[in-house]
Structures are given as structure tokens and as C-alpha cells.
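Asks: The following block contains the structure, expressed as C-alpha cells.
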Amino acid sequence: MEDIAIYGGSFDPPHRGHFQIAIKAIENLDIDKLIVIPNFQNPWKPPPLFSPKDRLFLLKKLFQKYPKIEVSSFEIDNGYPTKTIETVRHFSKRYRKIYLIIGADNLEKLHLWDDFEEIRSRVEFVVATRNGIDIPNHFRKLEIEEEISSTKLRENISDFEYISKYIPKEILEELKKILIKP
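Structure representation (C-alpha cells):
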């Protein structure tokens with residue numbers, strides 16, 4: 001059985017910060033593969049700007065040249081906001097060790113996640129750093145230089161010059177096509 005890391009999120013839209021986290025994970029964690037899992041809908045956020053299908057497509061295109069990165073449609077295929085524990089249980093059936101990558105901004109409310117104790121017993125948390133947020137020493141860290149706000153990107157989504165600074169070149173043209181389609 002393989003060791004994996006799971007990296008879930010809205011990816012609305014996928015940006016260079018997401019890309020950097022994925023690359024740092026495959027470079028720094030002793031894993032056979034990284035599974036990137038776009039959610040159907042984050043229950044704590046407004047509906048995504050980009051459809052689940054579009055976010056899945058953009059992520060697959062972004063990571064297509066990386067054999068150690070797989071993009072999974074598991075949560076999108078469920079068709080509802082999937083709890084982290086459901087995803088962890090699903091992948092626990094097929095893999096030996098699971099690292100769960102989260103952003104430092106999730107630390108404050110981590111203990112409020114449904115079935116947090118079970119999640120904690122099944123995974124090793126890996127926290128992507130963020131300026132101004134202290135990460136306790138018992139968490140594994142991924143040092144990330146890119147500080148990109150998905151909210152700010154969505155607010156400025158029609159400004160192609162602005163977003164082109166933050167969207168990976170591998171998907172920029174596809175993202176523009178999605179934005180201008182009728």
C-alpha cells in the first residue's frame with residue numbers, strides 16, 4: 001500500500017499559491033503521491049465562482065505533467081459538501097499512511113471539524129505556512145512563500161492583467177476562456 005498526502009480545497013480559482021503547496025508537498029513529504037481534491041462546495045463559504053467541473057478541469061490541466069500528483073473528483077462526484085472525515089475514510093481504505101495538508105488559517109477552528117478526533121487518529125496534519133500565523137511545533141510544516149488571497153482574485157477576476165500575476169501560466173488561457181464563455 002502507498003503513502004499519500006491529501007490536499008483538498010475550493011481552488012476557486014486555482015492559483016500559484018495552490019501550485020506551490022502541491023510542489024512543496026511532493027518535494028518534502030515521503031509520499032508516493034499527492035491527491036488534490038477540489039470540493040463540491042465549502043459549507044463555510046459562499047458558492048464558488050467557478051463550477052465544480054471547471055475547477056476540476058483547471059486542476060487536471062495544471063498538474064498534468066506531474067506524475068506524482070493526481071487530481072481526484074471524489075468530492076465533486078458526491079454532489080454535496082463532503083466532510084473531511086468522509087474523504088479521509090474513503091482514502092484510508094486504499095492507502096497506508098495519509099498526510100492531510102491544510103492552510104495555517106484552518107488551525108484556529110480545526111478542533112471544531114466534524115469527527116476531528118477520528119480525523120486526527122487517521123492522518124498526520126501538514127500545515128502550509130501563512131504570514132502572521134504561528135504553527136504549533138507538533139504540526140509538520142510546509143514553508144510557503146506565495147501569499148495569495150483567493151478572495152481578492154475573485155474580486156478582481158475581470159482584470160486579466162491583475163489575475164495573470166497569480167494564476168499559473170499553464171491554465172491562464174483556459175481560465176480566461178471559462179470567464180468569457182456565454
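Going left to right, the sequence shown walks through residues 1 to 182 as the working numbering numbers them.
Beta carbons: idealized from backbone N, C-alpha and C, even for Gly.
(1) Looking only at C-alpha atoms, which of Asp32, Asp54 and Glu70 sits nearest to Ile178?
(2) When we look at the beta-carbon of Tyr99 and count the other beta-carbons within 10 Å, is it buried (16 or more) or exposed?
(3) Any idea if Lys169 is buried or exposed, counting beta-carbon neighbours within 10 angstroms, 16 or more meaning buried?
(4) Could one say the Cβ of Arg55 lies closer than 9 Å to chain B's Cβ atoms, at least one of them?
(5) Buried or exposed for Ile161, going by 16 or more other Cβ atoms inside 10 Å?
(6) Kindly give me the distance between the Cβ atoms of Leu58 and Pro14, rounded to whole angstroms, as I take these residues to be in contact under 8 Å.
(7) Among Phe11, Tyr7 and Ile6, which residue has its Cα nearest to the Cα of Ile167?
(8) Along the chain, where does the beta strand (DSSP E) containing Asp3 start, and where does it finish?
(9) Check the C-beta distance from Lys141 over to Ile135 and give it rounded, since I have them as a contact under 8 Å.
(10) Looking at Lys24 and Ile148, is the spacing between their C-beta atoms short of 9 Å?
(11) For Gln41, tell me which candidate among Gly9, Pro67, Ile21 and Arg16 has the shortest Cα-Cα distance.
(12) Candidates Val127, Glu108, Leu172 and Asp114: which alpha carbon is nearest Ile85's?
Replies: With the structure as the only source:
(1) When each option's Cα is compared against that of Ile178, the closest is Asp54.
(2) Buried, by the Cβ-count rule.
(3) It is exposed - the Cβ of Lys169 has fewer than 16 other Cβ atoms within 10 Å.
(4) The chain inventory of the structure shown lacks chain B, comprising one protein chain alone.
(5) Looking at the sequence itself, residue 161 is Glu, so the reference to Ile does not match. Burial state of Glu161 is exposed, judged by a 10 Å Cβ sphere holding fewer than 16 other Cβ atoms.
(6) Going by Cβ atoms, the distance from Leu58 to Pro14 rounds to 5 Å, so yes, they are a contact pair.
(7) Minimum Cα distance to Ile167 is reached at Phe11.
(8) In the DSSP annotation of this structure, the continuous segment of the beta strand (DSSP E) that includes Asp3 starts and ends at Asp3 to Gly9.
(9) With a contact defined as Cβ atoms closer than 8 Å, Lys141 and Ile135 qualify at about 6 Å.
(10) Contact flag unset, no.
(11) Nearest to Gln41 by alpha-carbon distance, out of Gly9, Pro67, Ile21 and Arg16, is Gly9.
(12) Answer by Cα proximity: Asp114.
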